[in-house]
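Asker: Structure below; questions to follow.
There are 4 protein chains.
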Amino acid sequence: MSSHLIDSLATTTELADVFSDRSLLQAMLDFEIALAQAEAAVGLIPRDAVAAIASSTIDGLDAVEIGRSARSTGTVSIGFVTALATQVRSRDSKSADFVHFGATSQDVADTAMALTLRRAVAILAAEHARLDGALRRLSDAHARTIMLGRTLLQPAPPVTFGLKVAGWVAALSRGWRGVDAAAADAIALQFGGAAGTLAALGERGPQVAPLLARNLGLPEAVPWHTQRDRLAAFVCASGVYVATLGKVARDVSLLMQHEVAEVAEPGGGSSAMPHKRNPAASAIVLAAANRTPGLVAAFLAGMVQEHERSAGGWHAEWPTVAHIVQATGSALAALADAASDLSVDVKQMRANIDLTNGTIFAERAMAFLLAPLGKKKAEGLIGEALAEARKGSMTFGAALSAIPEVVRVIDSDVLRRIDVPEDYLGAAELFRAQLLDEARR
Amino acid sequence: MSSHLIDSLATTTELADVFSDRSLLQAMLDFEIALAQAEAAVGLIPRDAVAAIASSTIDGLDAVEIGRSARSTGTVSIGFVTALATQVRSRDSKSADFVHFGATSQDVADTAMALTLRRAVAILAAEHARLDGALRRLSDAHARTIMLGRTLLQPAPPVTFGLKVAGWVAALSRGWRGVDAAAADAIALQFGGAAGTLAALGERGPQVAPLLARNLGLPEAVPWHTQRDRLAAFVCASGVYVATLGKVARDVSLLMQHEVAEVAEPGGGSSAMPHKRNPAASAIVLAAANRTPGLVAAFLAGMVQEHERSAGGWHAEWPTVAHIVQATGSALAALADAASDLSVDVKQMRANIDLTNGTIFAERAMAFLLAPLGKKKAEGLIGEALAEARKGSMTFGAALSAIPEVVRVIDSDVLRRIDVPEDYLGAAELFRAQLLDEARR
Amino acid sequence: MSSHLIDSLATTTELADVFSDRSLLQAMLDFEIALAQAEAAVGLIPRDAVAAIASSTIDGLDAVEIGRSARSTGTVSIGFVTALATQVRSRDSKSADFVHFGATSQDVADTAMALTLRRAVAILAAEHARLDGALRRLSDAHARTIMLGRTLLQPAPPVTFGLKVAGWVAALSRGWRGVDAAAADAIALQFGGAAGTLAALGERGPQVAPLLARNLGLPEAVPWHTQRDRLAAFVCASGVYVATLGKVARDVSLLMQHEVAEVAEPGGGSSAMPHKRNPAASAIVLAAANRTPGLVAAFLAGMVQEHERSAGGWHAEWPTVAHIVQATGSALAALADAASDLSVDVKQMRANIDLTNGTIFAERAMAFLLAPLGKKKAEGLIGEALAEARKGSMTFGAALSAIPEVVRVIDSDVLRRIDVPEDYLGAAELFRAQLLDEARR
Amino acid sequence: MSSHLIDSLATTTELADVFSDRSLLQAMLDFEIALAQAEAAVGLIPRDAVAAIASSTIDGLDAVEIGRSARSTGTVSIGFVTALATQVRSRDSKSADFVHFGATSQDVADTAMALTLRRAVAILAAEHARLDGALRRLSDAHARTIMLGRTLLQPAPPVTFGLKVAGWVAALSRGWRGVDAAAADAIALQFGGAAGTLAALGERGPQVAPLLARNLGLPEAVPWHTQRDRLAAFVCASGVYVATLGKVARDVSLLMQHEVAEVAEPGGGSSAMPHKRNPAASAIVLAAANRTPGLVAAFLAGMVQEHERSAGGWHAEWPTVAHIVQATGSALAALADAASDLSVDVKQMRANIDLTNGTIFAERAMAFLLAPLGKKKAEGLIGEALAEARKGSMTFGAALSAIPEVVRVIDSDVLRRIDVPEDYLGAAELFRAQLLDEARR
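Okay, here's the thing in structure tokens:
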């Protein structure tokens, strides 16, 4: 029962594979094999059992049936262990008894999810690097490309496109470091047995965990059956990162409006309108950004887990984790593609500044007029010049230069260039360099 | 790339089928066939084209490829229409040109979702009826089964199990009516063409929509491309309904605790603990209840859709709608199963009342002592009796009966039975009847 | 400890007053007085007590102290009842004992919230009517004002501003009907006593509720202590309604961009930029739309309430309900103000259509060329004309008219006007009328 | 317009004060004074202006009026700056012109929130330390107190209360470290001027920021007007931390059920039921845990902020941040109180184990029988013993000891003590020590 259509914008081929049945079955099998090896190593189960268990494959395991069994047991683990034992039994009936020895359902399920997330995060990391590289190149290439600043969607004094992109880079870099660090904490062994004390393993319990962790290449952890905070922190970090991806996509889609036309994504056709070029990548990213806050809330809501194993909290996690990771990957891939091949129309950026007729430099004029004339007087004169500029017959700078009181107090060289964008970039390039540098660390 | 394991507790076989690729392809095909029929009927496309389009099947359509194409176009519709046209072209090259004539991507996608939801809601309706029936039977059977009321998880005056279940029935009934009514509003034709005016159809546009709606058995609607409020109301109603299912499951899981032991779900094994009987159905329901608030939020967040078609808001909807409907169905099925075969331990209910040693009747004593003695005096005497009862040597009733001031003011017949639960049920049966009656309407 | 700054964009003066301490104290007092009257009427408490209780005022009640007491008791009700009884006792010590007789904390708290919501909804209703009126006038005034349709923020075939506004009106109207209907269900008496059976009132319990409801002007309801679905439906309906307000505000803020400049809100200054006119109202509305999905989720998450009274679910509700209602009112007031005085630049709307150089009529050309030439051929010719038009030297219509194959198959009168927006509005006016009519019902 | 009743369970007196009007006015004033000092130091504004601005106080500022003004300007900053300038003007008309020189509304608003959060986090830190201390003492005191493990609310093999509490301590410690680290990142200066380039300050802009930061004791940051990821990470960390508080409260409230009766909070009266002792603190904590996931979602949803300043995203933040921080503090204070004075009934813990009649040791028996008898045979024999034990006439251990095949393969010393809880604690104490140690780092 595949759902490529429903999920078309919500995952990537690679990530859908990571969360597929085969992938999870393999991760669960990896746990059981590593467990048998560790337990045999300390003498808890017969050495023979290891060989019998380790020769198992997922090919004989029926995911449909195992999935269905979870509806009566509350977990896929029981059905999985039963199916695995049946497979082992067909080769060696005695060894089958030692499958999953001393472990509990949540041990295999949580560890399998940890192994799965490790694969997923590696994919995300590569995509983040691709996006980061593309955006850094864009920022460097446009260090001197001047464009309108825009606040509340209205024209503000100019910025550089390089600075805008550097702001994206820095926030994405912080966001990714958050995801990465949280993943390192969250991706850990789960192994506690029925009540989290490993009591069924007797005195040798504590020896098994380190071996098992080593076999799987996972960090050890004291059993964390109902303490989901590390996984939650990972889910949250993903949510923050996707929101920043969404901020970038919003900017891109706004700059891509026909009336603005400063950047353009590659691609994006329309079924009804042959003339169109849609921000399809931005739409995919924004779709993820619309979904993830709710997914984060869903995870957090399930964290209030009872005693040593919850009824309902843990059971809610898998879809949420799978969906948020895939949403992250889907957004990342779309934005990395778009960023790698974004068209930037430098002329149009300048034209949009010109369209304001210099009014965005009113703040600059105020900075020069304030001290000599006082605020009230300055506001009056600037207001006059703005009114002229809005009529469209002359620029704000020209209108200002026509006011004798202004001419008297502003140096003529400055006044002549009062509305030259290049002269009013402040610390744009300094901040750009700091942002990129900070993000590199 | 199936995900039976990730989704094992998040859907049912039936609902997973409804949201599967084949199901959606069929719904999209149904739209295109009905469209061709309607357009031919008013003379917009050649009659021949209808036959060629109507003989298409989903067998030749590759969901994987169509899904993948959405990543560059932002929608599965374009890939679908292309694939369908290719299929038609193989039979009749001219007719292929009239596939999807005058429609836009969102027309086919939204209408396909409407058709899909119609199937899903029918399944939910049947399950709701099954649950409703089981709970009504339970309420009737236990109209006189007395149990502890519990407030803030502490003992309160008694209720009947019949009343408690009737409260569930009434809330579920209101909840279902909400889902049903919202579905009736939300499940509607989408047909507006590129900008929602049907301009491409010329003067005959308005004639096509009613025919198309009739062909599909859907209500007509003025194009609602970026007005998602009806779908949102359906998603919200599902969220409210699932939350009520969750309330029932919480009650069941609490009553099923070993120390309480008043009810028991059928089934529920454990991988590590052969002695256990888990509330597996309740866990499934509570898992859904943990996830749905976030899913509702995800839908609402995507509603702020720009102009005539959004970039990102609409694109976020499909997974959310599919997940919430499947979560609803999963919870419903689990609870219907549990309710149909719930064990009720009437004796244990009484034993748990007895365990309070009558202290829950302190409120009743107050009602009798207040007028004759005043509140302060009454509180003192009741406090004395409670202290005795808490020591465990005698019941609250006995302790009270040993206080002369009490004996003086409470009628001896009443005092003797002051802590008889049957005498302190108030309007329990009246309310039970009202709740069931109200829910029947 | 007031918070006018934190809440400045999150409420209105009127609604802040409705949820203020004084307002809630009055509502709680109204409940207790009405309860005493009802209980005296059926002989449950002395007639004298009514007078003593009914002469109470909120002036002697210390909200700070009552609020603080809730931290040890879990509810403001206990502190309130104690304070009220103290006040009554100062006038008549015996009557004080009959304050709150037979009721439970949740009875007074829930009923007070119902009374509060009744006041709040009346305010919202008036604001909705104001907004609705303003938008209807706008739609009628601009029935023939042509503007670009915009899909995925890209130019699409034209619509009318009247149609766009009518889409807002209809969705807001549906949304408001949802709020109004849900409020009518949710605003109801709560009266069940300790365990929801009114047992403490003996046989006369069921007679009290109707009198109490009548005294308060509220509908009766079977006690609904842990069944929060009706309140949830109201919260959800508010969330849907706010999301639609957000959709309108997004449209307005996008149309108000300097490069688009089709509409303008009144007002909206800037501290740093004297030249600016900000979409301040839209920002307030969008702020509400950003917050409400999470608030809806918060309410839903608290609905899984245990047994006869929850520990934590009910306790979470008040802030959420208060915040969502105030967010709704804040957004409504801001949008009603903006809509009542929105500037519409009809010329600029036309100019932005012209800016597309006719390319948005490619779809129209296809409708005419498809049948005579076949899709492939038609796409080729349209592509040629689009390429010409994008160069900017001639319009799409002119470019098309220069292609002999096109001239041959499209009627010359039609071809001459192929890119005249007035000729390509389809059912815009029909749909506008239907939307306004549907919303009027 | 205070709301002590609505907020009674949603804040503490101390935190309500931190987010009050006076507190925010002071923080905004602190920014403006520090700004004037920094700007005068580099020669941007006259030295005289500093004295005039620095002698301002919040007493003359009208929070009601400033709050109201935000509805037309979209921010409290403009009204605040106007009011401050008026106050300065009354002392020195020229200096008033230099209030807020070169800064933008968001600079003062964001920095004021940073200063406010610094105060709030200090309060939370002290409460966390109090809670941590109380729980560590509890864990140490009950290192050997044996109680039922409980999974899916059903009996599992035993744990120690000390281990359970250590699990809480470790998770809360991780959670707090997360909050603390995120706060250190998020609490930073905002200073960028109109478009985030400090252009209005000319060449000396970059010199002002470090001085301003130093004056306020805040870390510098490149302007982050629309990059809200650090604040989001703080909000998320708070959400994770509150969820863990909620997990503890759920455990406490469940253990406090009358039928379980293993722990008891201090306090918690009832208005209707004199006999009750409610888990009032747990209810407050769980209320916060119900609300916070939605609040986190609300913040994340607002992060998609346009260009250099958003319309609606930023405007949504203040209430959400204020509510989540206050919810955190409310939950923390309640739980710290409860933990500091929690009653633990060690005997009842043992009695509840006994109530299982030894059946929770079935897993242990399996560990011994598996190797000698094989799983199938072992399951059969254990099943027999479980059946006997469930009848209640003998314990599981006794029943097992009566089966000859069992006696044959389990060492008699072991068999005799097969259901002695002390013998089946596994690594409980080891894990407890590790958890507390890990949390100490």
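Chains A, B, C and D, in that order, are what the protein sequence lines are. Read in order, the letters of the first sequence correspond to residues 220 to 660 in this note's numbering. Read in order, the letters of the second sequence correspond to residues 220 to 660 in this note's numbering. Read in order, the letters of the third sequence correspond to residues 220 to 660 in this note's numbering. Read in order, the letters of the fourth sequence correspond to residues 220 to 660 in this note's numbering. Just so it is clear, CB atoms sit at the ideal spot from N, CA and C, and this is done for glycine as well. Because the structure is a prediction, the values reported are computed rather than measured.
Classify T305 of chain C: buried if its beta carbon has 16 or more other beta carbons within 10 angstroms, exposed otherwise.
Answerer: With fewer than 16 Cβ atoms within 10 Å of its Cβ, T305 of chain C is classed as exposed.
Asker: Tell me which same chain residues have a C-beta within less than 8 Å of the C-beta of I264 of chain C, skipping the five on either side of it?
Answerer: Hits under 8 Å: A255, E258, F317, F320.
Asker: Relative to the C-alpha of A546 of chain B, which residue among B:I572, B:K595, B:G458, B:P498 is closest?
Answerer: Comparing Cα positions, the closest option is B:G458.
Asker: Could you check where the beta strand (DSSP E) with A440 of chain D kicks off and where it finishes?
Answerer: It is not in any beta strand (DSSP E) - A440 of chain D carries neither H nor E in the DSSP assignment.
Asker: Tell me whether T370 of chain D sits in a helix, a strand or coil according to DSSP, three-state version.
Answerer: DSSP places T370 of chain D in strand when its eight states are reduced to three.
Asker: With distance defined between alpha-carbon atoms, name the residue in A:A260, A:A584, A:I342 nearest to S620 of chain A.
Answerer: Comparing Cα-Cα distances from S620 of chain A to each of A:A260, A:A584, A:I342, the minimum goes to A:A584.
Asker: Go ahead and label G368 of chain C buried or exposed: buried means 16 or more other beta carbons lie within 10 angstroms of its beta carbon, across all protein chains shown.
Answerer: Buried, because 16 or more other Cβ atoms sit within 10 Å of the Cβ of G368 of chain C.
Asker: In this structure, how does DSSP classify P376 of chain C when only helix, strand and coil are distinguished?
Answerer: P376 of chain C falls in the strand class under three-state DSSP.
Asker: Which bits of chain C does P498 of chain A rub up against, with CB to CB less than 8 Å?
Answerer: The answer, in chain order, is L371, L372, Q373.
Asker: Could you give the DSSP three-state label for V261 of chain C: helix, strand or coil?
Answerer: The answer is coil: DSSP assigns V261 of chain C none of H, G, I, E or B.
Asker: Three Cβ pairs or more, each shorter than 8 Å: is that satisfied between the segment 376-387 of chain D and the segment 504-524 of chain B?
Answerer: No, because fewer than three Cβ pairs between the segment 376-387 of chain D and the segment 504-524 of chain B fall closer than 8 Å, the two stretches do not touch.
Asker: Do you know offhand how far A362 of chain D's Cα is from L654 of chain A's?
Answerer: Roughly 50 Å between the two C-alpha positions.
Asker: Suppose you measure from the CA of E478 of chain D to the CA of H477 of chain B; what does that come to, to the nearest Å?
Answerer: If I take the Cα positions, the gap works out to 9 Å.
Asker: On a CA-only basis, which of C:A483, C:G513, C:A646 is nearest M568 of chain C? Give me that one, please.
Answerer: Measuring from the Cα of M568 of chain C, the nearest candidate turns out to be C:A483.
Asker: Using 8 Å as the threshold, is the segment 572-584 of chain A in touch with the segment 306-314 of chain D, meaning 3 or more CB pairs across them?
Answerer: No, the segment 572-584 of chain A does not touch the segment 306-314 of chain D.
Asker: With three or more beta-carbon pairs closer than 8 Å as the criterion, would you say the segment 590-610 of chain A touches the segment 385-401 of chain A?
Answerer: Too few Cβ pairs lie closer than 8 Å, so no.
Asker: Output, in sequence order along the chain, the residues in the segment 547-577 of chain B whose CB is closer than 8 Å to any CB in chain D.
Answerer: Cβ contacts with chain D: N571, L574, T575.
Asker: Under three-state DSSP, which class holds S562 of chain D?
Answerer: Here S562 of chain D sits in strand by DSSP.
Asker: Helix, strand or coil for A483 of chain C, going by three-state DSSP, please let me know.
Answerer: Of the three classes helix, strand and coil, the one that applies to A483 of chain C here is strand, per DSSP.
Asker: Which first and last residues belong to the alpha helix (DSSP H) in which Q653 of chain B is found?
Answerer: That run of the alpha helix (DSSP H) goes 647-659.
Asker: Do A658 of chain C and L243 of chain C have their CB atoms nearer than 9 Å?
Answerer: The answer is no: Cβ separation not under 9 Å.
Asker: Cβ of P485 of chain A within 9 Å of Cβ of S562 of chain A?
Answerer: Taking 9 Å as the Cβ cut-off, P485 of chain A and S562 of chain A qualify as a contacting pair.
Asker: What are the boundary residues of the alpha helix (DSSP H) that F615 of chain C is part of?
Answerer: 615-620 is the extent of the alpha helix (DSSP H) around F615 of chain C.
Asker: Out of D:L464, D:A389, D:S291, point me to the one whose CA is closest to G548 of chain D's CA.
Answerer: When only C-alpha atoms are compared, the closest one is D:L464.
Asker: Quick one, which of C:V515, C:D573, C:G593, C:V441 has its alpha-carbon nearest D656 of chain B's?
Answerer: Closest option to D656 of chain B, Cα to Cα, is C:V441.
Asker: Name, going along the chain, the residues of the segment 236-260 of chain A whose beta-carbon falls closer than 8 Å to a beta-carbon of chain B.
Answerer: Taking 8 Å as the Cβ-Cβ cut-off against chain B, the residues of the segment 236-260 of chain A that qualify are D236, F238, S239, D240, L243, L244.
Asker: May I have the straight-line CA-CA distance separating F615 of chain C from D359 of chain A, to the nearest angstrom?
Answerer: So the two alpha carbons sit approximately 38 Å from each other.
Asker: Check whether the Cβ of Q306 of chain B lies closer than 9 Å to any Cβ atom in chain C.
Answerer: With 9 Å as the cut-off, Q306 of chain B does not count as an interface residue toward chain C.
Asker: Could you spell out where the alpha helix (DSSP H) holding D448 of chain D opens and where it closes?
Answerer: Per DSSP, D448 of chain D belongs to the alpha helix (DSSP H) from 448-474.
Asker: Checking 9 Å against the spacing of the C-beta atoms, do V471 of chain A and A552 of chain A come in under that value?
Answerer: Cβ atoms of V471 of chain A and A552 of chain A: not closer than 9 Å.
Asker: Among the residues of its own chain, which have a CB less than 7 Å from the CB of R355 of chain B, if the five just before and after it don't count?
Answerer: V388, L655, listed in sequence order.
Asker: Where does P623 of chain B land, buried or exposed, given buried means 16+ other C-beta within 10 angstroms?
Answerer: Burial call: exposed.
Asker: Just to make sure I have the definition right: I need the residues of chain A whose C-beta is within less than 7 Å of the C-beta of N509 of chain B. Which are they?
Answerer: Those within 7 Å of N509 of chain B in chain A are A517, A520, G521, G531, G532, A535.
Asker: With the cut-off set at 9 Å, would you say D281 of chain A and Q409 of chain A are in Cβ contact?
Answerer: No; because the gap between Cβ atoms is not below 9 Å, this pair is not in contact.
Asker: For R635 of chain A, does the three-state DSSP call read helix, strand or coil?
Answerer: DSSP places R635 of chain A in helix when its eight states are reduced to three.
Asker: Under 6 Å Cβ to Cβ from T231 of chain B, same chain only, skipping five residues before and after it: list those, please.
Answerer: Contacts found: G548, S549, A552.
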